[in-house]
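Here the structure comes first, spelled out in structure tokens, and everything after it is commentary.
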Amino acid sequence: MALAPDPEEIYHRAEREGRRRLAMSRLETVTTGFIAGVTIVFGIVALGVTEALVEPALGAEMATLAGALAFGLGVVFVVVGRTELFSENLFDPVAAAISEGGRKVWGVLALLWVWILALNLVGGAVLLSVLLVDGAMPGNSEHALDGIAQEIATKPISGTFARAVLAGTLLALLSYLLKAVDTATARILVAYLVGVFLALGPFDHVVVSALHLLFGVWHTGSVTYTDLAVNIAVSTAGNLVGGLGLITLTHTAQVKGK
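Quick note on the numbering used here: the sequence shown kicks off at 1063 and runs consecutively.
And the structure:
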């Protein structure tokens, strides 16, 4: 059985991948971010459909568990498809930027984050608009997704921020773990487990939570654009704190400290 690479090797792999991401053309950045937004919606749909099917027979708790197990597929689609979800891209480009140094690379990195976040939301919104066509979604899945949107919107800001820190930590950890495995099967397993845990928390990843809320805004108006804007601001801040502070910079210190 092959041993897992040591932290230095994992970090160097992250640096190489980070350089590739920082060097992407504008077209590649646009398509990568847009497709990731489209792709993650399939996880949201899987969650809603599964919860709607399971709850009548097994109750709300088992429906939540089943929905999380279904949502994990969306993260697998993102990882296997080599697209880029905001905060999933925190570890690698930051490792590359730290290695390269200089003010210019940090400007490129900040621009990458802005583009990816915006395009994730645009791509997701496009697919949501298709799902909202009458009859596109089966059964009571729309009701299940409305309930999730309302639950996200009614959390206190402190709770949203805390759950966003956890989500950012988890997605940055996913990036790190993907550099520690060498096979497609292992990548799929790691991505799936992280996706399940993200939904089971449930933790506030800015893109996932925003698309849940946007569904609520467009479907029934059960939440508002103000709820959406507040969640995006708070979740983005929390994702950055968790992804950068608790994972990326900590692993950087672990490696550079040697």
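The beta-carbon is built from N, C-alpha and C at its ideal position, and this holds for glycine as well.
Query raised in the report: For the stretch 1211-1226 against the stretch 1254-1267, are there 3 or more C-beta pairs whose distance is under 8 angstroms?
Result: Result yes; three or more Cβ-Cβ pairs closer than 8 angstroms.
Requested in this report: Could you tell me the distance, in whole angstroms, from the CA atom of I1219 to the CA atom of V1292?
Outcome: A straight line joining the alpha-carbon of I1219 with that of V1292 spans about 8 angstroms.
**Report entry** Inter-residue Cα distance where the pair is L1239 and G1257
**Finding:** L1239 and G1257 have their C-alpha atoms spaced approximately 13 angstroms apart.
**Report entry** Check: P1155 C-beta below 8 angstroms from any heavy atom of the ligand FMN
**Finding:** Among the components modelled here there is no ligand, and therefore nothing to report on the ligand FMN.
Query raised in the report: How would you label S1149, buried or exposed, when you count the other beta carbons within 10 angstroms and need 16 or more for buried?
Result: With a threshold of 16 other beta carbon atoms within 10 Å, S1149 meets it and is buried.
Report task. Report the rounded CA-to-CA distance for H1074 versus A1315, giving the unit in angstroms. Result -> Roughly 13 angstroms between the two C-alpha positions.
Requested in this report: Answer yes or no: do G1134 and L1228 have a C-beta to C-beta separation smaller than 9 angstroms?
Outcome: Result no, Cβ atoms of G1134 and L1228 do not sit closer than 9 angstroms.
Query - From M1199, G1095, G1185, W1175, residue whose alpha carbon lies closest to that of A1114 - result: When the alpha-carbon of A1114 is set against those of M1199, G1095, G1185, W1175, the nearest one is in M1199.
Report task. Label G1129 either buried or exposed according to how many other C-beta atoms from any shown protein chain fall within 10 Å of its C-beta, with 16 as the threshold for buried. Result -> It is buried - the Cβ of G1129 has at least 16 other Cβ atoms within 10 Å.
Query raised in the report: From D1289, L1276, L1084, T1310, pick the residue whose C-alpha is nearest to that of V1184; which is it?
Result: Between V1184 and the set D1289, L1276, L1084, T1310, the nearest pair of CA atoms involves L1276.
Query - R1083 classed as buried or exposed, judged by whether at least 16 other C-beta atoms fall within 10 angstroms - result: With a threshold of 16 other beta carbon atoms within 10 Å, R1083 meets it and is buried.
Report task. Report the three-state DSSP secondary structure of P1069 (helix, strand or coil). Result -> When DSSP states are grouped into helix, strand and coil, P1069 belongs to the helix group.
Query raised in the report: Is there at least one Cβ from chain B nearer than 9 angstroms to I1072's Cβ?
Result: Considering every chain present, this structure includes no chain B. It has just one protein chain.
Query raised in the report: Does DSSP classify N1293 as helix, strand or coil?
Result: When DSSP states are grouped into helix, strand and coil, N1293 belongs to the helix group.
Query - Residue from I1210, P1155, P1118, V1107 whose Cα sits closest to the Cα of S1191 - result: Residue V1107 holds the alpha-carbon nearest to the alpha-carbon of S1191 among I1210, P1155, P1118, V1107.
Query raised in the report: To which residues of the same chain is G1278 closer than 6 angstroms at the C-beta, ignoring the five residues directly before and after it?
Result: Cβ neighbours of G1278 beyond the five flanking positions: D1208, A1211, S1284, V1285.
Query raised in the report: Under the three-state reduction of DSSP, which class applies to V1252: helix, strand or coil?
Result: DSSP places V1252 in helix when its eight states are reduced to three.
Query raised in the report: Hey, how far is the Cα of L1131 from the Cα of L1147?
Result: The straight-line gap separating the alpha-carbon atoms of L1131 and L1147 is approximately 19 angstroms.
Query raised in the report: Does DSSP classify G1278 as helix, strand or coil?
Result: In the structure shown, G1278 sits in a helix (DSSP, three-state: H, G or I).
Requested in this report: Identify which residue in H1313, E1213, I1160 has its Cα closest to the Cα of A1272.
Outcome: Ranked by Cα distance from A1272, the first of H1313, E1213, I1160 is E1213.
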